[in-house]
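Its first residue numbered 3, the sequence shown is counted upward by one per residue in the numbering used here. The structure under discussion appears below in the form of structure tokens.
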Amino acid sequence: MNPCLEAALRYAALGYRLLPAAAGAKTPLIRDWPSKASRNESVIRKWFEQWPAANIGIACGGGLLVLDLDPEALTAGWPGEARRRELKATRCPLVRTPRGGWHLYFNAVRPWRNTTSVIALGVDSRGEGGFAVAPPSGTPNGRYQWVRPPVKLDQLPPPPEWLVQALDGIESRRNHPSAQAPGREEDGVFFTEGGRNAGLFRLACKYRAIGLRQDEIEAALIAANRLRCQPPLDDHEVTVIVKSASRYPQGDGDEPYAMRQAWRHAVAHRTRKGRCYARHQSGAR
Numbered sequence: 003m004n005p006c007l008e009a010a011l012r013y014a015a016l017g018y019r020l021l022p023a024a025a026g027a028k029t030p031l032i033r034d035w036p037s038k039a040s041r042n043e044s045v046i047r048k049w050f051e052q053w054p055a056a057n058i059g060i061a062c063g064g065g066l067l068v069l070d071l072d073p074e075a076l077t078a079g080w081p082g083e084a085r086r087r088e089l090k091a092t093r094c095p096l097v098r099t100p101r102g103g104w105h106l107y108f109n110a111v112r113p114w115r116n117t118t119s120v121i122a123l124g125v126d127s128r129g130e131g132g133f134a135v136a137p138p139s140g141t142p143n144g145r146y147q148w149v150r151p152p153v154k155l156d157q158l159p160p161p162p163e164w165l166v167q168a169l170d171g172i173e174s175r176r177n178h179p180s181a182q183a184p185g186r187e188e189d190g191v192f193f194t195e196g197g198r199n200a201g202l203f204r205l206a207c208k209y210r211a212i213g214l215r216q217d218e219i220e221a222a223l224i225a226a227n228r229l230r231c232q233p234p235l236d237d238h239e240v241t242v243i244v245k246s247a248s249r250y251p252q253g254d255g256d257e258p259y260a261m262r263q264a265w266r267h268a269v270a271h272r273t274r275k276g277r278c279y280a281r282h283q284s285g286a287r
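Printed below as a string of structure tokens:
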């Protein structure tokens, strides 16, 4: 039997809703897939008859949350050693992605929507309207592999409380945009230990890209640190971040440029004495 079809039928039996994705990619092959994702065996078989090389997509929401950690986020140390141990201690199903990232499967205790690098750089969440590519699907970089096997949908563990609070905060600001600090939605999210330096650096790069002066960036970042970081960094540490971002040319609104710089910062995980930037500069754990 087709290995992906065999795996898809197994996932459906565990209660997951499925969809076909393009071979070697993450693009859905059916229109309106959020409503057409299915656990029906005959429907799944027909999909693989039509697209025998298809990848498997598992629809999220409806009780499923998938936390998607890019390798850059793991390399940068997110979410800190203690919380990473807490994530592992949940014994949730865990997938290693072709690029070396993680997909962690949790019970969605609330109908959270998708986020992209909002919790932290390189950390996405897949909820209502999202899906995750599942093993043994592949890309040009390799195949998705289970590190800890899947369980029945109704047996998934809940996410750690700090992650629940982060997702609740994001939803609250989406639903009540007037409560956000000035700026775009992702600028108003909370940054937790392990993601504070990278998160504030990301904001600093954005402000630099839109043409703010160093003193303006510092004032904005000190305010963001006190409002958004849990717990806040010292003002001195914020100043160090601002100086680092201010090394780059002052822009005129080129946000993609700012994002590239933020990513370079996030993946520069080994600096002086082999310690990652966040720990070296702030002592964050």
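Even glycine gets a Cβ: it sits at the ideal position worked out from N, Cα and C.
{"Query": "Would you mind giving the Cβ-Cβ distance between residue 66 and residue 107, rounded to the nearest angstrom? I have them listed as a contact below 8 Å.", "Result": "7 Å"}
{"Query": "Under a three-way DSSP split, which group does residue 180 fall into?", "Result": "Low local confidence applies: a pLDDT of 44 at residue 180 is under 50, so the model's placement there is unreliable, with the coordinate-based value given in what follows. Reduced to three states, the DSSP call for residue 180 is helix."}
{"Query": "Out of 117, 20, 26, 174, state which residue places its alpha-carbon closest to the alpha-carbon of residue 45.", "Result": "20"}
{"Query": "How is residue 57 classed by DSSP in three states: helix, strand or coil?", "Result": "strand"}
{"Query": "On the DSSP letters alone, give me the boundaries of the beta strand (DSSP E) that residue 104 sits inside.", "Result": "104-109"}
{"Query": "Could you check how far apart the C-beta atoms of residue 9 and residue 138 are, in whole angstroms? I think they sit under 8 Å.", "Result": "6 Å"}
{"Query": "Excluding sequence positions up to five away, which residues of its chain have a Cβ less than 6 Å from the Cβ of residue 28?", "Result": "135"}
{"Query": "Between which two residues does the alpha helix (DSSP H) carrying residue 160 extend?", "Result": "Careful: residue 160 lies outside any alpha helix (DSSP H) and carries neither H nor E."}
{"Query": "Please list the terminal residues of the continuous beta strand (DSSP E) segment that includes residue 27.", "Result": "Careful: residue 27 lies outside any beta strand (DSSP E) and carries neither H nor E."}
{"Query": "Does the distance from the CB of residue 223 to the CB of residue 244 come in under 7 Å?", "Result": "yes"}
{"Query": "According to DSSP, is residue 202 part of a helix, a strand, or is it coil?", "Result": "helix"}
{"Query": "Measure the C-alpha to C-alpha separation of residue 55 and residue 196 and round it to an integer number of angstroms.", "Result": "39 Å"}
{"Query": "Measure the alpha-carbon distance for residue 118 versus residue 202 and round it to whole angstroms.", "Result": "16 Å"}
{"Query": "How is the alpha helix (DSSP H) around residue 237 delimited, first residue to last?", "Result": "237-247"}
{"Query": "The alpha helix (DSSP H) that contains residue 93, what's its start and end?", "Result": "Neither: residue 93 is in no alpha helix (DSSP H) and is coded neither H nor E."}
{"Query": "Return the first residue and the last residue of the alpha helix (DSSP H) that residue 33 is part of.", "Result": "Counting along the chain, residue 33 falls outside any alpha helix (DSSP H), and DSSP gives it neither H nor E."}
{"Query": "By the 10 Å Cβ neighbour count, where 16 or more other Cβ atoms means buried, how is residue 149 classified, buried or exposed?", "Result": "exposed"}
{"Query": "Between which residues of its own chain and residue 141 is the CB-CB distance below 6 Å, once the five residues before and five after are set aside?", "Result": "26, 100"}
{"Query": "Let's see if you can read the secondary structure: which residues bound the beta strand (DSSP E) around residue 47?", "Result": "No beta strand (DSSP E) contains residue 47, which is instead part of the alpha helix (DSSP H) from 43-52."}
{"Query": "Output yes or no for whether 7 Å exceeds the beta carbon distance between residue 75 and residue 124.", "Result": "yes"}
{"Query": "Is it the case that the region 155-165 contacts the region 72-89, given that we only count it when at least three CB pairs across the two stretches are under 8 Å?", "Result": "yes"}
{"Query": "Out of 49, 16, 111, point me to the one whose CA is closest to residue 30's CA.", "Result": "49"}
{"Query": "If we ignore side chains and look at the alpha-carbon of each, how far apart do residue 154 and residue 58 end up?", "Result": "17 Å"}
{"Query": "Let's test the definition: count the other Cβ atoms within 10 Å of the Cβ of residue 128 and tell me whether it reaches 16, buried, or not, exposed.", "Result": "buried"}
{"Query": "Span of the beta strand (DSSP E) holding residue 117?", "Result": "117-122"}
{"Query": "Thinking C-beta only, is residue 158 closer than 7 Å to residue 116?", "Result": "no"}
{"Query": "Does the distance from the CB of residue 216 to the CB of residue 248 come in under 7 Å?", "Result": "yes"}
{"Query": "Is the separation between the beta-carbon of residue 103 and that of residue 73 shorter than 7 Å?", "Result": "yes"}
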